[in-house]
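Accompanying notes for the structure given below.
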DNA sequence: ATCCTCCCCTAC
DNA sequence: TAAGGTAGGGGAGGAT
Ligand SMILES: Nc1ccn([C@H]2C[C@H](O)[C@@H](COP(=O)(O)OP(=O)(O)OP(=O)(O)O)O2)c(=O)n1
Ligand SMILES: [Mg+2]
Ligand SMILES: [Mg+2]
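Numbering (the working numbering), first residue to last: 258 to 852.
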């Protein structure tokens, strides 16, 4: 059973109550979750709050203390914290509990029952009533990017940030292993005939985040389950499902779907929380295991890798047995096809290409005309079993930090302060990989006029703008990056009188496209004014100019209002020594020009 | 031709 | 009570 404590309770500090619950075999939800919380514990609820939670099982802390003291689970309704509210008759409205029980007063199976004091640890006697705990006043959650704590909190909770940064860490971690495998491969090539077949296996963990969550919730393996942040219990909260298991997929639930939509498809869906630390250790285990099977290893993501098995294969019939050996539950029918993005898939469907086999029916020029030269050629090859994709690692070319959530600035200094935080982040990452950048790009997303105003903290429909600049010298200094971002790529416009709400003003505004995600085949871009070569970075130009730009014919020299997103990206990163040596190798006249 | 800048798209 | 990041491939169109 899983309890959530609402507000503070009169009997004892919340932390102590929580510790008691955990100690005696209960689970604890920091946030109430419709799908995992079985009971709520509350001392004093305001009438509106009572109304809000009237469909849930809400008991007083005394219920927990008495149950522990008596060594058995007492019926919660004797301790209901909702006595002022008439009991509802429609119990079917109750969300599933961890045990699937929907009737009130259900007693969980013994294995999960709250009172199970181990003989060695006598139950703590019920705490005597005390005065209310001193107001714990934890710092309120940072609401949006105006809050200086926002960035850190956001990163702690963003799964996409986790995926991306963990992938970069993985690649760094794998480099020595990769080098070693490469060395062995060269040795083999020198001493033995090349393998008759090139066999690359694609290893991908099933519903990764959910599978990790199952380790602590084995009771749910047969249920439809997703991993997502807790939703607001009341009404309209919804969060994105990072991963869902195959039971849930049978209902149509998908990774990346929002919980409100998912629940319409599958009302019994259970949602479990993230556990980023566990993903890390599990991924490390995965890669350690794969290294022992493979003669080549290409890390793709936290749950996925290519392994080169060519030397182990002398005949095609060896392939499946080997795959079975590597993964006992290997299921050929689940072998994922190459997935296509929305836009490409639509264009292909227009050519009557739905499966890979259909690709043989389309000529290469036709594919190239529809999809671009490169992708057309690549897909033409795929249709014929040709994949020239290389299996190597390239050094990283860019480092970037980007936030498109919680961006709600009212004034320019807020926006600039946030830019300073982002550039500081980029500088730190450069330092951590021992690199400097020779180029920087700033990207801004501006909320489109037709964006949905009810949007919570997401970015919604936006126009995007970007501007980049080459540095005279490569740098990894946070201050330098911040200066460039705030004064060279973007600067406070002259027309700040606009309610004091001018936020960013592109030195050279460009016309943006319609939206970030979604069907992006509107008009192409254009309207680029002259790009004259920028001066070397420090010192910044003293007199920035305002340039009129146009989007759909309207003057658009500044961006105003509740804006959206920011990215600070540095390009052409290089080892520190290299940056200097390249510079020193330049002919003196060019060098003087740069410095 | 090739490079550069700004933009789009994809994957996890 | 949510947490739409991040890196890379690549194209259009102008500059060189
Ligand atoms: N839109 C997405 C897609 C994936 N992920 C995370 C959660 C996934 O568990 C993990 C791995 O992604 P996969 O594409 O491999 O998806 P799963 O492993 O969840 O499912 P499958 O069994 O189809 O591989 O990345 C995410 O947060 N958001
Ligand atoms: Mg997977
Ligand atoms: Mg995967």
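We put the CB at the ideal spot given by N, CA and C, even for glycine.
Give me the residue from the options with the minimum Cα distance to residue i.
{"i": "residue 416", "options": "676, 444, 277, 498", "result": "498"}
{"i": "residue 700", "options": "707, 725, 715", "result": "725"}
{"i": "residue 480", "options": "656, 609, 526, 436", "result": "526"}
{"i": "residue 433", "options": "554, 414, 460, 488", "result": "554"}
{"i": "residue 328", "options": "289, 288, 293, 282", "result": "282"}
{"i": "residue 463", "options": "431, 396, 453, 506", "result": "506"}
{"i": "residue 435", "options": "635, 544, 673", "result": "544"}
{"i": "residue 438", "options": "469, 537, 552", "result": "552"}
{"i": "residue 407", "options": "532, 660, 704, 616", "result": "660"}
{"i": "residue 713", "options": "444, 496, 730", "result": "496"}
{"i": "residue 673", "options": "744, 469, 637, 326", "result": "744"}
{"i": "residue 568", "options": "730, 441, 405", "result": "441"}
{"i": "residue 465", "options": "538, 721, 729", "result": "538"}
{"i": "residue 617", "options": "405, 510, 643", "result": "643"}
{"i": "residue 689", "options": "429, 413, 405, 467", "result": "429"}
How many angstroms separate the CA atom of residue i from the CA atom of residue j?
{"i": "residue 691", "j": "residue 736", "result": "17 Å"}
{"i": "residue 451", "j": "residue 457", "result": "15 Å"}
{"i": "residue 446", "j": "residue 474", "result": "47 Å"}
{"i": "residue 633", "j": "residue 455", "result": "24 Å"}
{"i": "residue 604", "j": "residue 628", "result": "8 Å"}
{"i": "residue 530", "j": "residue 324", "result": "27 Å"}
{"i": "residue 482", "j": "residue 501", "result": "6 Å"}
{"i": "residue 259", "j": "residue 333", "result": "13 Å"}
{"i": "residue 723", "j": "residue 676", "result": "14 Å"}
{"i": "residue 523", "j": "residue 512", "result": "14 Å"}
{"i": "residue 740", "j": "residue 313", "result": "53 Å"}
{"i": "residue 421", "j": "residue 709", "result": "28 Å"}
{"i": "residue 630", "j": "residue 609", "result": "19 Å"}
{"i": "residue 802", "j": "residue 671", "result": "In this prediction, residue 802 has a pLDDT of 20, which is less than 50 and means its spatial position is unreliable; nothing more can be read from the coordinates."}
{"i": "residue 611", "j": "residue 504", "result": "26 Å"}
{"i": "residue 308", "j": "residue 296", "result": "16 Å"}
{"i": "residue 320", "j": "residue 306", "result": "20 Å"}
{"i": "residue 621", "j": "residue 602", "result": "17 Å"}
{"i": "residue 578", "j": "residue 570", "result": "10 Å"}
{"i": "residue 411", "j": "residue 418", "result": "9 Å"}
{"i": "residue 272", "j": "residue 278", "result": "10 Å"}
{"i": "residue 625", "j": "residue 398", "result": "50 Å"}
{"i": "residue 683", "j": "residue 732", "result": "11 Å"}
{"i": "residue 573", "j": "residue 581", "result": "14 Å"}
{"i": "residue 547", "j": "residue 583", "result": "8 Å"}
Which residues bound the alpha helix (DSSP H) around residue i?
{"i": "residue 873", "result": "This structure leaves residue 873 out entirely; the chain is present only between 258 and 852."}
{"i": "residue 503", "result": "503–507"}
{"i": "residue 581", "result": "576–583"}
{"i": "residue 518", "result": "516–522"}
{"i": "residue 442", "result": "416–448"}
{"i": "residue 313", "result": "Residue 313 -> no alpha helix (DSSP H), and no H or E assigned at all."}
{"i": "residue 289", "result": "That residue, residue 289, is in no alpha helix (DSSP H); it is neither H nor E in DSSP."}
{"i": "residue 321", "result": "318–327"}
{"i": "residue 600", "result": "599–607"}
Using a Cβ-Cβ cut-off of 8 Å (strictly less than) and excluding sequence neighbours within five positions of residue i, which residues of its own chain qualify?
{"i": "residue 540", "result": "423, 427, 559, 560"}
{"i": "residue 528", "result": "290, 291, 292, 293, 482, 483, 484, 485, 487, 488, 498, 516"}
{"i": "residue 302", "result": "263, 264, 310, 315, 338, 339"}
{"i": "residue 686", "result": "656, 658"}
Among residues of its own chain, excluding the 5 on either side of residue i, which ones have a beta-carbon nearer than 6 Å to its beta-carbon?
{"i": "residue 471", "result": "478"}
{"i": "residue 727", "result": "696"}
{"i": "residue 586", "result": "Bear in mind that a pLDDT of 41 at residue 586, under 50, signals an unreliable position, so the number given afterwards is only what the model happens to contain. Taken in chain order, the list of residues that qualify is empty."}
Terminal residues of the continuous beta strand (DSSP E) containing residue i?
{"i": "residue 483", "result": "482–484"}
{"i": "residue 726", "result": "719–732"}
{"i": "residue 655", "result": "655–660"}
{"i": "residue 564", "result": "561–565"}
{"i": "residue 704", "result": "692–704"}
{"i": "residue 557", "result": "553–558"}
{"i": "residue 454", "result": "No beta strand (DSSP E) contains residue 454, which DSSP labels as neither H nor E."}
{"i": "residue 271", "result": "Note, residue 271: premise wrong, no beta strand (DSSP E); alpha helix (DSSP H) at 271–280."}
Would you say residue i touches ligand 5, meaning its beta carbon is less than 7 Å from a heavy atom?
{"i": "residue 416", "result": "You won't find ligand 5 in this model; what it holds is ligand 1, ligand 2 and ligand 3."}
Which same chain residues, not among the five before or five after residue i, have their C-beta less than 7 Å away from its C-beta?
{"i": "residue 275", "result": "262, 285"}
{"i": "residue 532", "result": "469, 470"}
{"i": "residue 635", "result": "none"}
{"i": "residue 494", "result": "488"}
message = Which residues end up in the neighbourhood of ligand 3 when you take C-beta atoms closer than 6 Å to any of its heavy atoms?
response = Going by the Cβ distance cut-off, the answer is 461, 558, 560, 561.
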